[in-house]
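Peer 1: There's a structure below that I have some questions on.
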Amino acid sequence: MGLNKDRGLSSLISDMDTVYSKELGFDKNQSTMIEIDQISPNPFQPRKNFDQEALDELANSIKEFGLIQPIIVFKKNNKFIL
999 MGLNKDRGLS SLISDMDTVY SKELGFDKNQ STMIEIDQIS PNPFQPRKNF
1049 DQEALDELAN SIKEFGLIQP IIVFKKNNKF IL
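Numbering (the working numbering) for the sequence shown: 999 to 1080.
Pasting the structure below:
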């Protein structure tokens, strides 16, 4: 993967689009509904401890307003990793 010669965030984003589409087979314009039980936690998630109050606030916000952005997962075998 060659680096884009432009400077700024847009140069990085266009390179990431290439990685997602070519390396991972991900098309950013495609969305798919999957069952929640097909999603596994990312084993490489660096955060291990979560503040219950903050999680409750997030859950209430999602209930009230929905998700602002889609949840991105990647497919591994027949499962999806968060």
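Virtual Cβ for every residue (Gly too), placed ideally from N, Cα, C.
Among Phe1078, Leu1080, Phe1048, Ile1070, which has the Cα closest to the Cα of serine 1029?
Peer 2: For the purposes of this step, residue 1029 is taken as the residue at position 31 of the sequence shown. With distances taken between Cα atoms, serine 1029 lies closest to Ile1070.
Peer 1: Give me the Cα-Cα distance between isoleucine 1066 and phenylalanine 1078, rounded to the nearest whole angstrom.
Peer 2: Within the sequence shown, the letter at position 68 stands for residue 1066. Within the sequence shown, the letter at position 80 stands for residue 1078. Their backbone Cα atoms lie some 21 Å apart in a straight line.
Peer 1: Would you give the residue range spanned by the beta strand (DSSP E) that isoleucine 1079 belongs to?
Peer 2: One-based indexing of the sequence shown puts residue 1079 at position 81. Residues 1077 to 1079.
Peer 1: Looking at the strands, I want to know which residues DSSP matches up with isoleucine 1060.
Peer 2: Taking the sequence shown and counting its residues from 1, the one referred to as residue 1060 is at position 62. DSSP lists no partner for isoleucine 1060.
Peer 1: Per the DSSP calculation, serine 1038 is bridged to which residue(s)?
Peer 2: For the purposes of this step, residue 1038 is taken as the residue at position 40 of the sequence shown. In DSSP, serine 1038 forms a bridge with Ile1079.
Peer 1: Hey, could you find the ends of the beta strand (DSSP E) phenylalanine 1072 is sitting in?
Peer 2: On the sequence shown, residue 1072 is found 74 positions in, with the first residue counted as 1. Note, phenylalanine 1072: beta strand (DSSP E), 1072 to 1074.
Peer 1: Helix, strand or coil for glutamine 1050, going by three-state DSSP, please let me know.
Peer 2: Counting from one through the sequence shown, the residue named residue 1050 turns up at place 52. Residue state, collapsed to three classes: helix.
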